Every structure is written in C-alpha cells, then in structure tokens.
Amino acid sequence: VIFTKVLVVEDDPDIRKVIRMSLRFQGVTEIVLAESGEECIAIAADVNPDVILMDVMMPSMDGYAACRRLKAASSTSHIPVIFLTAKAQQFERQLGLQAGAAGYLIKPFDPMTLYDEIRRVLIGGGAE
Amino acid sequence: VKTPSRSGAYREAVLVFGLTAVALVVSSLLFQLWLSSGPSGGPGPVWGTVFAMLSGGLILLAGALYVRLVSKRVRHLLRGFEAIRSGEYPLLLVEGDDDISRLVVGFNQMVEELRSRHERLTELVEAREPGLDRISRTTPPRDGAQLGSLLEKSSEGLIVTDRDGRIVLVNEQVSEILGLPRSALAQVELSALVEQVRHRLLNPWRVEQQLGDFLRGAHEPGDMVLELDGPEGPTLRLYSAPVRGSDGQLLARIVTSIERGNEREVDRLKTEFLSTISHELRTPLTSVKGALGLIHGGAAGTITADTRELLEIASSNIDRLINVINNILDVLTLERGQATFRLSSMSLAECITRAVELVGEQAGRASVTVETRLPTDLARVRGDARRVEQVLVNLLTNALKFSAQGQKVVVGASANDGTVTVSVQDFGKGISKEAVGRLFQKFEHSEEALTRRTQGAGLGLAICRHVVEAHGGRIWVESTEGVGSTFFFTLPAEPGVVDPISLRRTAERAGGLA
Numbered sequence: 001v002i003f004t005k006v007l008v009v010e011d012d013p014d015i016r017k018v019i020r021m022s023l024r025f026q027g028v029t030e031i032v033l034a035e036s037g038e039e040c041i042a043i044a045a046d047v048n049p050d051v052i053l054m055d056v057m058m059p060s061m062d063g064y065a066a067c068r069r070l071k072a073a074s075s076t077s078h079i080p081v082i083f084l085t086a087k088a089q090q091f092e093r094q095l096g097l098q099a100g101a102a103g104y105l106i107k108p109f110d111p112m113t114l115y116d117e118i119r120r121v122l123i124g125g126g127a128e
Numbered sequence: 129v130k131t132p133s134r135s136g137a138y139r140e141a142v143l144v145f146g147l148t149a150v151a152l153v154v155s156s157l158l159f160q161l162w163l164s165s166g167p168s169g170g171p172g173p174v175w176g177t178v179f180a181m182l183s184g185g186l187i188l189l190a191g192a193l194y195v196r197l198v199s200k201r202v203r204h205l206l207r208g209f210e211a212i213r214s215g216e217y218p219l220l221l222v223e224g225d226d227d228i229s230r231l232v233v234g235f236n237q238m239v240e241e242l243r244s245r246h247e248r249l250t251e252l253v254e255a256r257e258p259g260l261d262r263i264s265r266t267t268p269p270r271d272g273a274q275l276g277s278l279l280e281k282s283s284e285g286l287i288v289t290d291r292d293g294r295i296v297l298v299n300e301q302v303s304e305i306l307g308l309p310r311s312a313l314a315q316v317e318l319s320a321l322v323e324q325v326r327h328r329l330l331n332p333w334r335v336e337q338q339l340g341d342f343l344r345g346a347h348e349p350g351d352m353v354l355e356l357d358g359p360e361g362p363t364l365r366l367y368s369a370p371v372r373g374s375d376g377q378l379l380a381r382i383v384t385s386i387e388r389g390n391e392r393e394v395d396r397l398k399t400e401f402l403s404t405i406s407h408e409l410r411t412p413l414t415s416v417k418g419a420l421g422l423i424h425g426g427a428a429g430t431i432t433a434d435t436r437e438l439l440e441i442a443s444s445n446i447d448r449l450i451n452v453i454n455n456i457l458d459v460l461t462l463e464r465g466q467a468t469f470r471l472s473s474m475s476l477a478e479c480i481t482r483a484v485e486l487v488g489e490q491a492g493r494a495s496v497t498v499e500t501r502l503p504t505d506l507a508r509v510r511g512d513a514r515r516v517e518q519v520l521v522n523l524l525t526n527a528l529k530f531s532a533q534g535q536k537v538v539v540g541a542s543a544n545d546g547t548v549t550v551s552v553q554d555f556g557k558g559i560s561k562e563a564v565g566r567l568f569q570k571f572e573h574s575e576e577a578l579t580r581r582t583q584g585a586g587l588g589l590a591i592c593r594h595v596v597e598a599h600g601g602r603i604w605v606e607s608t609e610g611v612g613s614t615f616f617f618t619l620p621a622e623p624g625v626v627d628p629i630s631l632r633r634t635a636e637r638a639g640g641l642a
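Sequence order for the protein chains is A and B.
Under my numbering, the final residue of the first sequence carries the number 128; numbering is consecutive throughout.
Under my numbering, the final residue of the second sequence carries the number 642; numbering is consecutive throughout.
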C-alpha cells in the first residue's frame, strides 16, 4: 500500500507542523491541513485523500463525530480515517473504532515511524 | 441475726453446780449416817460402799454435763466462722458471762466490724461508678448478650466468619446496606453473600478477582470494594482481618464495612481530572517529541555528533515523562476494572526472556547482570502476555534500580499445585518492614527509593498488583534490609501443559544473556 495524499485534521498548530514535516520527510507528496472537524467535512470530498489522519479532542465537533459524518456520506465513506490522539484509554479506542475508524494511533508518536504506522493500519496490520 | 440472751447459759450453769452441790450435801448426810449407825457405834461396811459409789457417780454426772455444755457452745462459735466464710455476717447468742461467752462477744464485735467495712467499701465503689463504667467500656464485655447488642448497635457493618469463611455473626447495618434480610445472611459463606449481590455490582469482574485473596489471605488483612446498584448506589468498602489463636491458627475472620457516600463521586472526578491532565500533558509532549525526533532523524538537515547526543538525552527524558503519564492512566483503568485482559495459554519462559531483553539496555548501563534460572519443564500459564510482560519489566526495572554496580538480578520460576510462581531477586539494600506493607499502593515508594531519588512515580508496583490479581494471582515481596529483596507473583498454570520446545529455546537465549 502506497499512499501519497493525506488530509490531516488537527487543532494544535505545532502538532500540525510536526505531522506535516514528518510525512513529507517520509515521502508523502500531498498533505492537506484542516483545523477542525467541520473544516474536514467541508473539504474531504473535494480533496479525496488516500487517508484522513484525525485528532479526537477538538473544539465544537470532536473527531468521533466528524468520523461518523464522513462515514455516513457516500462521497467520503470510502476514505479510511485513522485517529491520532492523546486519548489513550481502552474505552476511547473502542469509541474510535465504533465511529468507523480504520485505526487508532496514540500521541505522542515517533515522527520517524509515523508513515509506517499509517501504512500498517491501512494494510490491516492492526488497529493500534 | 440472733438476739443475745443470758437465760439458757444460767440455767445450765445452775443445773451443773446445783447437782454438784446436791451430791456434796447427800454424801455428807450419808457420811454422818454412817458415823452414827454402827452396832458398836462405828460405821457399817455397806453404808460406806453406798456412800462412795453415790458421791462418785454424782460428780461424774456433773462433769459430763459441763463438758457437753462447753463443747456445744464451741460448736456454735465454729458454725459462726463457717457462715462468715460463706459471705454472711452472723451475730451469735451470748450465753452467760464466762470465757466462752466473752469469746462469742468478741466474735460478734468482729462480725460487726467486718460488716461496716464492707458497707464503707461498697459506698466508695458506688461513688466512683462513672469511672468504673468507662473502664468496663474499654475492656471487652464478658457477657455474651451485652457483646451482641454492642455489635448490633454499631454504625459500621460487621460480619464475623469462622475459619472456613462461613458467616457466624452479622449485624443490622450489613443487612440494611445490602438490602438483604438477616435470614439470607446467617450461616452462609462470605462468597455466597457476594454472589447474592453479584447482579447489582458495578464491577463484578473485579470483585471476583479480589474475593479469592480477600478470603484466602489468612495472614494478612485485605480490603475489597463493592459498588452496588449503578453510579448512584451505595459503595461498601470491606476490610477483612484474620483472628488468630495464641498458636497462630486462624480462628475466625472479622469483616467490617464502611459505607461510602460521595467517595465514588470523588473517585470519578479524580479519574476525570487525571485523564484531562494526562491529555493536556500529552499534547505539548507530542510537539516536543515530534520536533526532536525530526531533527534527530535528519528531517531538518545533518546534525553533529554532539547535537545528536543532546537530542538523545532530551528524547529519552521525554519518553520517561510519557511513561509516567501512561502509568497513571494505566493504574486508573486497572483500578476501575476497565482494563480488558486477553487471557490465553502463553509461554511464561518466552515472556521472561522478552522482558529480560527489554531491560537489557538498562542493565548494561547499570553494570548489573540479569540471570534467568528456569526449570526445563515449566508449565505454560494462562495470561495476557502483554500484561505479564509489563509486570516482569516493572519488577526487573525496580530490581535494576536498587542494584549496585557489579551485582546481579535473578529471575526464577517454579510450578506447584496448578500455580506458577515467578521470582525477581535483587541483592540491593532491601526494604524496611514498614515500607513493605505499603509498597503495592499507588504513589508509594520504599524510603530507599526516595532517598536515592530514583525515578518513577511509584505506580509500577500498583500496576503489577492489579495485573497479577486480574489473573487470579498473588504478588508479594520478601525483603531483608542489607541483603536484598525478592518479589514473587503467581499465575495460574495451564493444566498439564508443558512447553519444552519454547523452554529449551528460552533457556539457551537466557543463558546467552546471563
């Protein structure tokens, strides 16, 4: 599995930058940034990324709600969503997977292996 | 009390001396008769004999009567002493004015004296009764009924079981909190009592895990929390204490319960607070770790060796911080029984080897050798491999922390009676007796750890305890100050399953490491 276009949904600007640099350094050519769940839903169909990397704790609409909305819409339901979140508890992972996510990655993450982690999830190597 | 009278004594004395006097008068008359009756004017032989016999008999009779009288009065006095001995204060009849009478008078005076002293003492005791009452409250009442009503009135729930865990006494408070009639509680096993409320438990799984230890721990007190009827229901914290005879044998077990009102709410807020704090810490750490990782990985251009070394220091300390946060969350999850365990048949030997490998770097830095001593026929165990590894890594990390350079840490395992016991032994300074009891509580350190300023938030052992207990095992430590500590934990063995292949491999790899 090779993915080249990623939509990153993250409200923290520093983490957005780190994710962007990390993915770019590891060969992802197209990285689109969104600052909120709403923004993600607004642009997801147009961007049509290979994968959406989504934070959970965001103001107004959280990642779970955004994921459910994406999965409910026919234009975006095919896009795999992977949560990248500081919410590391077991039941929170369950919530994420119930919302229709393909996987659940935990912050803090290793920027040098983020690409591989995403790839592993997309292959179906695991939800964690 | 008899009224003293003198008439009887007089009568008897008069009788005795009267008879003696009569005898003397008669004998003197007979003597005169004898003198004047002889044929030749002298006394005849027959009258002489009659006189001697009669006077002798009369004197004997008088003597016998006197002795009888004296002994009767002495016996009377003796009965008086007997009465005193049995707790009475008798006054005796005073007869006559002789020595015996004076003795009786003295006796009566003594009795009066004794009685008045007793009365004075009684008054004194009564005057000090409030104090006595206080004393009697702090000493256990001997009266069974009194004890029973004391326990019944206790505001704490109280259950007493016999050594087999069967309830022999339960008070009203327990039946009230649990909402169960007394009849449902009497003479049942404590485990059956828990079973009766099982469907109302918020955390039945966790209670089941704890119950075994709670009942089994004959040598140590235990505690267990029962959360009943959803988030708003009562919460009971049960404390179990073994009661042992002078020979150390378990006689009974006392279980007291304290109903907790808002503690559950406090617990929930605590969890929420720590969860939020943990999230708020993770977010900035994500940026820091990410930025450092990118520089270290060359994403921002080539770096010098010194920069690399500095970045590695920063990164490893960030990882340490993340580890603490993870442990806090882990303890909270485990405590609330929210962690899920995937139990399956697993090779303990392989798990030990993996854990030893994981701490290899730390061991190298500390110049401590980790030695693995496993039997070749170690049984497989039933467990969550990831969690068992976590326990081993925690115990090994601790052991390494408290070892000096050049010392070794020994990991061992042995199977016995369906249980596998794993041991992690160090030869460090050991842990004081006082610290041992608290060691498995969260945020607890041995004093040793505090004085040496070793790292860790004191969560590792609390996690170990929760994980081991969730497996139905036990964890404990044996430590001697100045000699070292050995941590033990048990896991249920897979019945009849030995894993020789993985063991052989494990033994080889462990040998290589050691």
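Ideal Cβ placement from N, Cα and C applies to all residues, glycine included.
Every value quoted in this text rests on a predicted model; they were computed, and no experiment measured them.
Taking C-beta atoms as the reference points, I118(A) and V51(A) count as a pair closer than 8 Å.
Note on geometry: alpha-carbon atoms of V81(A) and A507(B) lie some 43 Å from one another. At a cut-off of 8 Å between C-beta atoms, I118(A) does not count as an interface residue with respect to chain B. Contact holds between the segment 26-37 of chain A and the segment 2-9 of chain A, because three or more Cβ pairs, one in each stretch, are under 8 Å apart.
For F109(A), the nearest CB of chain B lies under 8 Å from its own CB, placing it at the interface with that chain. In this structure, the beta-carbon distance from L182(B) to S155(B) falls below 8 Å. In the structure shown, Y64(A) falls within a helical segment according to DSSP collapsed to helix, strand and coil. Listed along chain B, the residues sitting closer than 8 Å to V18(A) by beta-carbon distance are T414, S415, G418, A419 and L422. A distance below 7 Å between beta-carbons, with the five flanking residues on each side excluded, links A65(A) to the following residues of its chain, in chain order: G37. With a threshold of 16 other beta carbon atoms within 10 Å, P111(A) meets it and is buried. The three-state reading of DSSP puts M238(B) in helix, counting H, G and I together.
Going by beta carbons, R593(B) and F568(B) fall inside the 8 Å limit.
Going by DSSP, T549(B) is part of no alpha helix (DSSP H) but of the beta strand (DSSP E) stretching over T547 to D554. Taking all protein chains in view, the Cβ of A491(B) is crowded by 16 or more other Cβ atoms within 10 Å, so the residue is classified as buried.
Scanning the segment 380-465 of chain B for uninterrupted beta strand (DSSP E) segments of 3 residues or longer gives nothing; none is fully contained. For Y115(A), the enclosing alpha helix (DSSP H) has its first and last residue at L114 to I123. In summary, G418(B) is buried, with 16 or more beta-carbon neighbours lying within 10 Å of its beta-carbon over all protein chains present. Looking at Y115(A), G63(A), A45(A) and E92(A), the one whose alpha-carbon comes closest to that of T461(B) is E92(A). Judged by DSSP secondary structure, V484(B) falls within the alpha helix (DSSP H) whose first and last residues are L476 to L486. Where I19(A) is concerned, the enclosing alpha helix (DSSP H) starts and stops at P13 to F25.
Within chain A, the residues whose beta carbon sits less than 7 Å from that of R410(B) are A86, K107 and P108, listed in sequence order. Excluding residues up to 5 positions away in sequence, L449 and I453 lie with their Cβ nearer than 8 Å to the Cβ of L409(B) in the same chain. Scanning chain A for C-beta atoms nearer than 9 Å to the C-beta of T461(B) yields Q89, Q90 and F91, reported in chain order.
The residues K557, G558, I559 and S560, in chain order, have a CB closer than 8 Å to that of E609(B) in the same chain once the five nearest residues on each side in sequence are set aside. Annotation for T525(B): no beta strand (DSSP E) segment contains it, though the alpha helix (DSSP H) segment containing it runs A513 to K529. According to the DSSP assignment, K281(B) belongs to no beta strand (DSSP E) but to the alpha helix (DSSP H) extending over G272 to K281. Boundaries for F83(A): no alpha helix (DSSP H) harbours it, while the beta strand (DSSP E) harbouring it runs V81 to T85, taken from the DSSP string. CA-to-CA, the gap between P108(A) and I19(A) works out to about 11 Å. Listed by position along chain B, the residues whose Cβ is nearer than 7 Å to that of M21(A) are L422 and A427. Leaving aside the five residues that flank R334(B) on each side, the residues in its chain whose CB is nearer than 6 Å to its CB run, in chain order, G465.
Taking C-beta separations shorter than 6 Å and ignoring five residues to either side along the sequence, the partners of V550(B) in its chain run A541 and F617, following chain order. Looking at G373(B), S443(B), L152(B) and S475(B), the one whose alpha-carbon comes closest to that of I187(B) is L152(B). Taking 8 Å as the threshold, the shortest C-beta distance from T468(B) to chain A falls below it. In this model, K529(B) and S444(B) are separated by some 17 Å (Cα to Cα). Boundaries of the beta strand (DSSP E) harbouring S542(B): K536 to N544, taken from the DSSP string.
Cβ contact annotation for D12(A) (same chain, cutoff 7 Å, sequence separation greater than five): none.
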